[in-house]
Amino acid sequence: MRLQREDGIVALEFALILPLFLLIVAGIIEFAVMLFDQQVITNASREGARAGIVLAIPKPSEANIQSVVSTYLTGAGLDAASATVDVTGEGLAFGNDLTVRVAYPYNFLFLPRFTGGSASMTLTANTTMRHE
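Residue numbers (this note's numbering): 1452 to 1583.
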């Protein structure tokens, strides 16, 4: 036997929990997209470094390596024009290192609107390979 009516309690509990639940779901989505972008720029730097060390005549220039990275980023759906690609060690003799660094600005989708934090951050990837 019930002593008091509890008709609206479920709606009240739902209204209290819903914002927290939506914030958690938005955070999961945001983190997944950021991890995807990080993996893409890591693979792009790896592909650029590989293109620079593979024996080719003539040896690939810095512009060729940047083109490989840009093509990879575009193919993955990222804006290659906003990425910064730095190539060091290109054109060195065999046995020396080639380093490709890719920096990409990641713009948050949801979280800064809720938390008031920064709207973007820079994701970076470095790959160093030895000329063989």
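Using N, Cα and C, we set each Cβ at its ideal position, and we do this for glycine too.
(request) Using only alpha-carbon positions, find the residue among 1510, 1559, 1469 and 1579 that is nearest to residue 1482. (result) 1559
(request) Could you check how far apart the C-beta atoms of residue 1577 and residue 1550 are, in whole angstroms? I think they sit under 8 Å. (result) 6 Å
(request) Go ahead and pull the three-state DSSP assignment for residue 1533. (result) helix
(request) Sort 1496, 1487 and 1524 by Cα distance to residue 1539 and report the nearest one. (result) 1496
(request) Give the straight-line distance between the Cα atoms of residue 1485 and residue 1505, rounded to the nearest whole angstrom. (result) 30 Å
(message) Once DSSP output is grouped into helix, strand and coil, what is the label at residue 1501?
(response) helix
(request) Leaving aside the five residues before and after residue 1511 along the sequence, list all residues of the same chain whose C-beta is less than 7 Å from its C-beta, in chain order. (result) 1502 and 1503
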